[in-house]
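In terms of the UniProt record's numbering, the sequence shown opens at residue 1 and continues consecutively.
Where a beta carbon is used, it is the ideal one built from N, C-alpha and C, also for glycine.
Here the structure is a predicted model, which is why all the values come from computation and not from measurement.
Below is one structure, written out as structure tokens; the observations come after it.
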Amino acid sequence: MAEFKGTYEDLQSKLTVLGCVGTWTEVSNGKQFKSSDGGILNWFPATGKINFQGSASARTKLESLFNGTQSQPSPASARHPVPAGKPKEKVFVVHGHDSVSREQLELVLHKLGLDPFVLANTSGGGLTIIEAPESEIGGHPDAARFGIVLMTPDDVGYSKRDGDSKAEPRARQNVVLEMGMLISTLGRSNVAILKKGHLEVPSDADGILYIGFNDHVKETVPRLAERLNHAGFTINAQAIAKAAA
């Protein structure tokens, strides 16, 4: 079963950006979206759980769009068209356990006209957490050429020498590992590291640029867009304004 931990407004925005056309209604303990072709999404804010209903084809289409396994032109892309034959550029996203921040980042990237590759939204093709980045960040035409590391305070740690009185919030260890893989493969100029609040960063990564935020990933949009443009992407001012709103 899918989950969405953001706000009702974030969920509405996500479906709009994905090109889903339909109507919202109140249901018992939640919200319901019914697409124009009969697919139904039920969201229960208290738990974040989502289920899909409707005819088999409409349900599958809506679920695939929501989970990022199928693309569809959106109203946003219609207003800011991408040249024919040029698909959205893929951006590889590394994240920890903060699903709300991850969903916020996905929404921001969609609004910027990019295609986030998030392992949590795919089957992973049976790949391990190490093999997936290796498969998606280089060596073939569809590979991501830019990576974003979402560092959130999911763990707490400290040096054995200092003891637990020096405990600091830190990112998950797999996030730190994958950050190193991205930097070594793509180069520092093609990686953006978003850091939520106060957390300990790897001591051997002090020369890396971090883009900080506190409450919402959209706080990073101006500097993130600047870094993307420097990396060769074309992010227009209208998209930046929309993503930051």
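Here T220 is buried, its C-beta having at least 16 other C-beta atoms within 10 Å. In this structure, A192 places its C-beta atom within 9 Å of the C-beta atom of I211. Straight across, the Cα-Cα distance linking F52 with K111 is about 24 Å. For S35, same chain residues with a beta-carbon under 7 Å away, outside a window of 5 residues either side, are C20, V21, G22, A58, L62 in chain order. Residue pairing from DSSP places G212 in a beta bridge opposite K195. In the DSSP annotation of this structure, I240 is not part of any beta strand (DSSP E); the continuous alpha helix (DSSP H) holding it starts and ends at 237-244. Sorting Q238, A231, V149 by C-alpha distance to the C-alpha of E89 places A231 at the top. In the structure shown, R170 falls within a strand segment according to DSSP collapsed to helix, strand and coil. Take the alpha-carbon of Q173 and the one of I183: they are about 16 Å apart. Here DSSP, grouped into helix, strand and coil, assigns K88 to coil. Straight-line measurement puts the Cα of P169 at about 35 Å from the Cα of A237.
Beta-bridge annotation (DSSP): K49 is paired with E3, F44. Excluding its 5 nearest sequence neighbours in each direction, M179 has C-beta neighbours in its own chain below 7 Å: V94, V149, I193, listed in chain order.
Of the residues S13, D215, N190, the one whose Cα lies closest to the Cα of I208 is N190. Per DSSP, reduced to three states, the secondary structure at L150 is strand. Per DSSP, D164 lies in no alpha helix (DSSP H) and is assigned neither H nor E. For P116, the uninterrupted beta strand (DSSP E) run begins and ends at 115-118, by DSSP. For R102, the number of other beta carbons within 10 angstroms of its own is at least 16, and it is reported as buried.
For the pair I50 and F4, the CB atoms are nearer than the 9 Å cut-off. Per DSSP, D155 lies in no alpha helix (DSSP H); the unbroken beta strand (DSSP E) holding it starts and ends at 155-157. If you ignore the 5 residues before and after L15, its C-beta comes within less than 7 Å of the C-beta of F33, all in its own chain and listed in chain order.
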